[in-house]
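Chemist:
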Amino acid sequence: MYHKKMMKAINKISVLIITPPLTSPAMPSFTAALAAGCFLHKAFKTIVYDANLDFFVNHVFLKKVMDFLRSESFYDPEKYLVASNRIDDLLYFHSAGFYPSMFRWGFQAASVIDDNKNPTYISFCHEKLDLKLKQTLPKVVILALDSEAQVPCAITMINYIKAVFPEIKTIVLAGRNQAEDNTPGADHSFSLQNTGLFLKWINTFWKLKNHDTQVEPDFSIFPLKEYLTPELILPLQSCFFKDAFSFWDFVAKLKDKFGAKGFLFEDMFSSFEFFVEKKEVSHIFFGVKAVMENFDTIYHGNEIQNLFSSGMTLIQWESSEKKQSAEIKTLWDLSKQGIWNHVNLTGLTDYALKNDWLTFISLNPNIAHSYDNLIDNDPYIKSDINAMDPLLQGYTGVKQIPGEPFWKILSDPAHLLLYLNYHGKKNLFRLRADKINETIISLGSNITFNFMKPDELPPGFLDEICAMVEAGGSVDTKYVRYNLERAYLIGYAEENGIIVGNSSLKHPRPEFIQRLNTITGLDFNHFVERGYTSVRPEYRALGVGAKLLEGLTKRAGQHKVFSIISEDNTATRKIAKKNNTKQIAVYYSEKAGKKLGIWMPENMIEKDWELK
């Protein structure tokens with residue numbers, strides 16, 4: 001109980017704002033920062049206690065790990081991998097003592113399976129919260145929630161305060177994506193959906209007048225140097241900026257005042273208009289959220305061309321109700337700029353749509369670079385958020401590339417954002433982590449290209465190349481082995497003992513030669529056909545297909561080379577054009593059900609040919 005004389009000695013009203021565990025310890029809470037902004041009044045003494053940061057720093061992690069996460073060594077992928085393994089061990093060890101709780105620091109907020117009476121939180125209240133309350137003697141405690149994963153601890157804290165300090169009012173301030181009524185026992189609950197209502201309560205409860213209604217989040221009373229990143233990342237919400245000017249003005253203020261380098265938006269963008277024109281705020285970068293259903297409203301004209309140059313580095317996409325070709329084109333355009341696309345598949349995503357997206361992501365990691373796959377919408381359900389059914393993955397029938405994508409190792413969106421800014425999308429995409437041996441592999445750094453006759457291939461290589469062609473899924477697999485065994489030349493790219501791409505010059509069937517003669521009027525009897533090209537998804541955009549095409553063409557000898565490329569195969573057509581290959585004819589294939597083009601190297605096309 002409070003001592004009455006001590007209470008009388010306090011000149012200002014003390015308000016304690018708490019960020020409960022469990023959420024990201026990499027940056028402060030936006031909801032808590034906004035709550036602090038609401039109390040910028042001479043009548044208040046406002047104190048922020050980041051219990052979430054305290055929980056991770058003093059209850060879970062070792063000093064060595066925390067020092068690493070705050071140092072320049074953070075940007076060394078191999079050292080980060082070692083630290084990540086130690087973090088996983090610490091989280092597992094800490095969770096084991098409080099079964100059935102499971103603590104996680106992942107791409108989503110840390111989560112816990114809990115019955116709201118977990119001994120972890122109760123002991124934390126006794127050891128930490130009790131001391132903080134006695135030190136600050138607040139009249140009101142505001143629990144600021146940015147994640148549903150904070151709810152169990154918030155409930156435990158409310159119950160503890162009610163039992164030990166009944167004089168204190170408990171207020172829950174929920175972020176825009178959180179429910180107001182999921183913390184029973186609090187005296188009042190408010191949501192950032194209606195900040196004005198919260199301000200009205202402040203004015204009414206303390207009988208204040210003319211309180212400023214234009215509230216800005218206040219980060220000045222946070223321990224900004226203690227968060228687990230080497231450079232400061234701050235959270236933002238787009239809904240608090242009325243226009244691009246106010247947005248860039250506030251960003252510049254945070255950069256100058258606190259040295260913030262990056263910003264992560266926690267709410268969904270309905271438009272990227274803030275980023276249309278690059279402002280005079282240099283050396284900063286952003287991660288944003290958006291819903292794929294809003295593609296039509298997000299983009300206006302050539303807006304998309306300016307996003308990366310304005311600092312946008314990461315977009316976290318909420319999946320839409322259906323996957324459309326326009327979405328894929330936009331993701332591809334963003335990727336070419338240098339933006340990393342993260343696709344978030346929640347428990348609410350339609351089952352068939354989720355499988356469709358996972359298949360696409362598996363085959364196109366150079367377009368949709370990373371993903372979450374929440375099995376259930378309940379954040380307390382323990383699940384592997386990067387899980388993917390092997391049946392949905394491409395190239396499962398071939399020898400697997402060692403390790404796993406490095407982005408899966410990065411513990412937090414803030415860490416991913418920092419790595420993207422430091423290493424760039426292209427380099428980060430190539431990194432893979434071998435967690436067992438704690439080594440890093442950079443794809444494409446040691447590729448060798450080989451060109452051989454079928455009978456010259458090492459044992460087992462023809463089997464693997466056949467499997468690669470079948471995994472590509474773009475050709476009839478019935479005669480793959482037959483044709484490859486009789487091919488003129490086979491080219492393959494190899495790295496780390498694994499075939500990562502292949503193509504071939506094969507002898508076309510007599511009936512096919514006759515058909516081409518009918519279409520073009522040319523005799524293809526002395527031609528070889530380039531085909532059966534397959535490049536692993538992880539090696540896309542690394543020039544593997546282009547080098548295979550170039551190498552095969554150079555080794556064609558006295559033969560002329562042609563290839564068949566479907567009109568809708570944009571990627572292969574681009575490779576062909578880059579390699580000085582030209583389309584000489586187009587025909588409709590009944591078997592394929594679409595138009596196909598006949599392509600040849602330009603230097604092999606005779607000037608006197610009269611093409612039909």
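Residue numbering for the sequence shown is 1 to 612, as defined by this note's numbering.
For every residue, glycine included, the Cβ atom is placed at its ideal position computed from N, Cα and C.
1. Roughly how many whole angstroms lie between the Cα atoms of Ile-113 and Phe-103?
2. Would you mind working out which of Lys-289, Leu-224 and Phe-240 sits nearest Lys-257, comparing C-alpha positions?
3. With a 10 Å radius around its C-beta and 16 neighbouring C-beta atoms as the bar for buried, classify Glu-529 as buried or exposed.
4. Helix, strand or coil for Glu-266? Go by DSSP, reduced to three states.
5. Along the chain, where does the alpha helix (DSSP H) that runs through Tyr-75 open and close?
6. Give the straight-line distance between the Cα atoms of Val-65 and Leu-90, rounded to the nearest whole angstrom.
7. Report the three-state DSSP secondary structure of Pro-21 (helix, strand or coil).
8. For the beta strand (DSSP E) holding His-342, just list the boundary residues, first then last.
9. With DSSP as the reference, label Ser-14 as helix, strand or coil.
10. Which residues does DSSP pair with Gln-316 in a beta bridge?
11. Is Ile-202 buried or exposed, if buried means 16 or more other CB atoms sit within 10 Å of its CB?
12. What is the DSSP secondary structure of Glu-495, counted as helix, strand or coil?
13. If you compare alpha carbons, which of Phe-512, Thr-520, Tyr-488 and Thr-572 is closest to Lys-591?
14. Hey, out of Leu-81, Gly-424 and Tyr-488, whose CA is closest to Gln-558's CA?
15. Can you tell me whether DSSP reads Ala-144 as helix, strand or coil?
16. Just the Cα atoms here: how many angstroms apart are Leu-137 and Leu-254?
17. Can you tell me which of Ser-309, Val-151 and Leu-431 puts its alpha carbon nearest to the alpha carbon of Val-276?
18. Alpha carbon to alpha carbon, how far is Trp-332 from His-369?
19. Below 8 angstroms, how does it come out for the segment 75-90 and the segment 36-52: are there three or more Cβ pairs, yes or no?
20. Alpha carbon to alpha carbon, how far is Arg-515 from Tyr-588?
21. Would Ile-17 and Ala-144 qualify as a contact pair, given that the criterion is a beta-carbon distance under 9 angstroms?
22. Quick check on this structure: which residue in Phe-451, Phe-56 and Phe-285 has the alpha carbon closest to the alpha carbon of Leu-264?
23. DSSP three-state label for Leu-410, please.
24. To the nearest angstrom, how far is the alpha carbon of Ala-352 from that of Leu-358?
25. Near Ser-319, what residues of its chain come up, given a Cβ to Cβ distance below 8 angstroms and the 5 sequence neighbours on each side ignored?
26. Considering Gly-545, what are the terminal residues of the alpha helix (DSSP H) in which it resides?
27. How many angstroms separate the CA atom of Asp-218 from the CA atom of Phe-269?
28. Along the chain, where does the beta strand (DSSP E) containing Arg-432 start, and where does it finish?
29. Would Asp-378 be called buried (16 or more neighbouring beta carbons within 10 Å of its own) or exposed?
30. When we look at the beta-carbon of Ile-441 and count the other beta-carbons within 10 Å, is it buried (16 or more) or exposed?
31. Along the chain, where does the beta strand (DSSP E) that runs through Glu-529 open and close?
32. How about Leu-34 and Leu-173: are their beta carbons less than 9 angstroms apart?
33. Of all the options Phe-68, Trp-206, Lys-506 and Ala-467, which has the alpha carbon lying nearest to the alpha carbon of Arg-486?
34. Tell me, please, which residues DSSP counts as bridged to Gly-424.
35. What's the C-alpha gap between Thr-570 and Gly-597?
36. Per the DSSP calculation, Asp-372 is bridged to which residue(s)?
Modeler: In short:
1. Bear in mind that the predicted position of Ile-113 carries a pLDDT of just 49, short of 50, making it too unreliable to give a figure here.
2. Leu-224
3. buried
4. strand
5. Where Tyr-75 is concerned, there is no enclosing alpha helix (DSSP H), given that its DSSP letter is neither H nor E.
6. 10 angstroms
7. coil
8. 340-345
9. strand
10. Lys-289 and His-342
11. buried
12. strand
13. Phe-512
14. Tyr-488
15. strand
16. 30 angstroms
17. Ser-309
18. 10 angstroms
19. no
20. 12 angstroms
21. yes
22. Phe-285
23. coil
24. 10 angstroms
25. Met-292, Val-343, Asn-344, Leu-345, Thr-346, Thr-349, Leu-353, Lys-354 and Trp-357
26. 544-554
27. 22 angstroms
28. 431-434
29. Low per-residue confidence applies at Asp-378: pLDDT is 47, beneath 50, and the placement is therefore not dependable enough to give any value.
30. buried
31. 527-535
32. yes
33. Lys-506
34. According to DSSP, Gly-424 bridges with nothing at all.
35. 12 angstroms
36. Asn-344
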